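A short write-up of the structure that comes next.
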Amino acid sequence: SAVISQKPSRDICQRGTSLTIQCQVDSQVTMMFWYRQQPGQSLTLIATANQGSEATYESGFVIDKFPISRPNLTFSTLTVSNMSPEDSSIYLCSSNDRVGTEAFFGQGTRLTVV
Amino acid sequence: GNSVTQMEGPVTLSEEAFLTINCTYTATGYPSLFWYVQYPGEGLQLLLKATKADDKGSNKGFEATYRKETTSFHLEKGSVQVSDSAVYFCALSKNSGYSTLTFGKGTMLLVSP
């Protein structure tokens, strides 16, 4: 499977600011996914990002809070906007490179909002 | 909707002990089932998978069998090593397309020498 590089690996941010997380895949992929893992919780899907179209958000997540870019088939960004301490989580980028194959993941971004 | 329930951790074992991490699921249709592992400081890695009932996934000495009658996919290993210390996630996906995953909360495994 392909390899995903995600950065930053961790950050500590002030409330009210925004952070953009980058996700780079070493091959072209159709679908990219962004997940959130809050402390002690499951991974929860935030949105699905296709190249050339707007991201599709899951219930409870909105574009104004989590804008996503997908400028090409190897790259995506997730921005966490106007952060509050409740946004402190691990954010993970994921993809699968062919239909029906299992997903692979970046190493995650551990975000702490103070 | 779909959901995955796995046992609470941490699970603490001595080296060479037998490991079981329980996982049950709720889903419509016939999902694929996965175990992912997250070693300290690293991303999630696929450990094993099973795509239909009675399939057994195996890798690195770990095994799990897709039991539709009990809606379970328990992870087992006969003899754990210190290097197996990690967080283990059970997950499911629809069995077609570019499927997103529904995860359990994860179970931390700590193996001591």
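Protein sequence lines correspond, in order, to chains A and B. Residue numbering for the first sequence is 14 to 127, as defined by our numbering. Residue numbering for the second sequence is 6 to 118, as defined by our numbering. Using N, Cα and C, we set each Cβ at its ideal position, and we do this for glycine too. Given the structure is predicted, the values throughout are model-derived calculations rather than measurements.
Would you list the one or two residues that DSSP bridges to Arg-123/A?
Arg-23/A, Ile-103/A
In chain order, what residues of the same chain lie with their CB nearer than 8 Å to the CB of Ala-96/B, ignoring the 5 residues before and after it?
Val-9, Leu-38, Phe-39, Trp-40, Tyr-41, Leu-106, Thr-107, Phe-108, Gly-109
Among the candidates Gly-46/B, Ala-55/B, Ser-90/B, Leu-53/B, whose CA atom is the shortest distance from the CA of Gln-19/A?
Gly-46/B
First and last residue of the beta strand (DSSP E) that includes Ile-34/A?
32-38
State the start and end residues of the unbroken beta strand (DSSP E) segment that holds Pro-84/A.
81-85
Classification of Tyr-30/B by the beta-carbon crowding that lies within 10 angstroms, buried from 16 upward:
buried
Comparing alpha-carbon positions, which option in Lys-61/B, Leu-115/B, Lys-82/B, Gly-83/B lies nearest Lys-73/B?
Lys-61/B
Near-chain A residues of the region 36-54 of chain B - C-beta to any C-beta below 9 Å:
Ser-37, Phe-39, Tyr-41, Gln-43, Gly-46, Glu-47, Gly-48, Leu-49, Gln-50, Leu-51, Lys-54
Does Thr-33/B have its Cβ less than 8 Å from a Cβ in chain A?
no
Quick one: which chain B residues come within Cβ less than 9 Å of Phe-79/A?
Under the 9 Å cutoff, chain B gives no residues; its nearest Cβ is about 16 Å from Phe-79/A.
Using beta carbons (cut-off 8 Å, strictly below), is Phe-88/A in contact with chain B?
no
How about Met-44/A and Cys-36/A: are their beta carbons less than 8 Å apart?
no
Chain A contact residues for Lys-110/B, given Cβ-Cβ distances below 8 Å
Gly-53, Gln-54, Ser-55
Ser-84/B, DSSP secondary structure in three states
coil
So which residues of chain B does Ala-116/A contact, with C-beta pairs closer than 7 Å?
Leu-106
Less than 8 Å separating the beta-carbons of Tyr-71/B and Ile-26/B?
no
When the Cα atoms are used, what is the spatial distance from Gln-64/A to Ser-82/A?
8 Å
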